[in-house]
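In the numbering used here, the protein residues as written are 4 to 298.
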């Protein structure tokens, strides 16, 4: 992931900001306790995840799913998945595995939320074939999609099929700098049970808004291929532990890197720490390369 990349990560203040004032209130609405923890990468291909797959691995997804319990499925952003493709992916993974498919770019980037009923219906129909393995679908808006087009977003949200859980990632700075529009948008998400995605990346600290709109935390963590990546994960664990106490229902945490080969390494570190702190027993991914590095 190149979005938010900076030349010198050491110049960035990676401190997590305080929660938005409404986040604790949102978490308190959940009376069921923590239900699901999904931690994974954004891709499963050998080209990006160098050093992760043992020699001779023939089916990358099948092996990936023995190491992780979820995938942020970016492949669906670049092409509309068919029902057959979804079923193939589903059948290659164990019962507790979850997919988090990104809505195709026809919706978000090419048609920019206009005249999309046919595409949305096709996409939703396809991904529903994941059945119990569908974690949450997410929409990533283009970074030049601005609040002036709020009505398009509102119409999209209101027409979205409610049986398909949805998260949305806002990217343009104006969504966050205009407090009135940010509050209005978050209220729209709350009213429609849509999860507000948080992105932690070096060059866009405004996307670290810490404003939950459901008791779900959907976090896209982008490492900088630097030693600070570990400290940042430690800070996230502390923060998430507090959210868990406050009522967190589901944690969806996906690790990216500018050089993706380090994603399994960071994920393993984070999962080990979380297992120890939360007394969970998530599988810790193994690395075929005995001496992997972040750099």
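Glycine included, each C-beta is placed from N, C-alpha and C at the ideal position.
Discussion item. With DSSP as the reference, identify every bridge partner of residue 143, one or two as the case may be.
Written reply: 172
Discussion item. Within the continuous alpha helix (DSSP H) that includes residue 184, where are the two ends?
Written reply: 182–194
Worksheet item: How about residue 102 and residue 133: do their beta carbons lie closer than 7 Å?
Response: yes
Discussion item. Can you tell me where the beta strand (DSSP E) holding residue 104 begins and where it ends?
Written reply: 101–104
Worksheet item: Cβ atoms of residue 236 and residue 273: under 7 Å apart, would you say?
Response: yes
Worksheet entry | Cβ shell of residue 84 (< 6 Å), same chain only, five flanking positions each side left out | 129
Practice prompt. Would you give the residue range spanned by the beta strand (DSSP E) that residue 30 belongs to?
Written response: Residue 30 -> not in any beta strand (DSSP E); alpha helix (DSSP H) instead, spanning 26–31.
Worksheet item: Between residue 287 and the rest of its own chain, which residues show a CB-CB distance below 8 Å, the 5 nearest in sequence each way excluded?
Response: 271, 274, 275, 278
Worksheet item: Around the C-beta of residue 386, are 16 or more other C-beta atoms found within 10 angstroms, so that it is buried, or is it exposed?
Response: Since the first and last residues shown for the chain are 4 and 298, residue 386 lies out of range.
Worksheet entry | Buried/exposed call for residue 283, threshold 16 Cβ in 10 Å | exposed
Worksheet item: Should residue 98 and residue 139 be called a contact, given that it needs their Cβ atoms to be closer than 7 Å?
Response: no
Worksheet entry | First through last residue of the beta strand (DSSP E) which encompasses residue 257 | 253–260
Worksheet item: Between the C-alpha atoms of residue 239 and residue 19, what's the straight-line distance to the nearest angstrom?
Response: 8 Å
Worksheet item: Where residue 8 and residue 234 are concerned, what is the direct C-alpha to C-alpha distance, given to the nearest angstrom?
Response: 18 Å
Discussion item. On the CB-based measure, 16 or more other CB atoms within 10 Å of its CB, does residue 46 come out buried or exposed?
Written reply: buried
Worksheet item: Taking the continuous alpha helix (DSSP H) assigned at residue 268, which residues delimit it?
Response: 266–281
Fill in: Proximal residues to residue 116 (C-beta, below 6 Å), its chain only, five neighbours per side dropped
155, 159
Discussion item. Applying the 10 Å Cβ sphere with the 16-neighbour rule, what's the burial state of residue 28?
Written reply: exposed
Worksheet entry | Candidates 62, 122, 65: closest to residue 79 by CA position | 122
Worksheet item: What three-state label does DSSP hand residue 221 in the structure shown?
Response: strand
Worksheet item: Which partner residues of residue 202 appear in the DSSP bridge assignment?
Response: 223
Item to complete: Can you tell me which of the three DSSP states residue 298 falls into?
Response: In this prediction, residue 298 has a pLDDT of 45, which is less than 50 and means its spatial position is unreliable; nothing more can be read from the coordinates.
Item to complete: Assess, as a yes-or-no matter, whether the stretch 81–96 is touched by the stretch 52–64 under the definition of 3 or more beta carbon pairs within less than 8 Å.
Response: yes
Discussion item. When you compare the CB positions of residue 264 and residue 54, do they come within less than 7 Å of one another, or not?
Written reply: yes
Fill in: Helix, strand or coil at residue 75 according to DSSP, with G and I counted as helix
strand
Item to complete: Within its chain, find whatever has a CB closer than 8 Å to the CB of residue 114; leave out the 5 residues flanking it on each side and keep chain order.
Response: 122
Worksheet entry | Contact the stretch 181–200 vs the stretch 161–169: 3+ CB pairs below 8 Å | yes
Worksheet item: Buried or exposed: where does residue 86 fall if 16 or more other Cβ atoms within 10 Å of its Cβ makes it buried?
Response: exposed
Fill in: Identified DSSP bridge partners for residue 43
257
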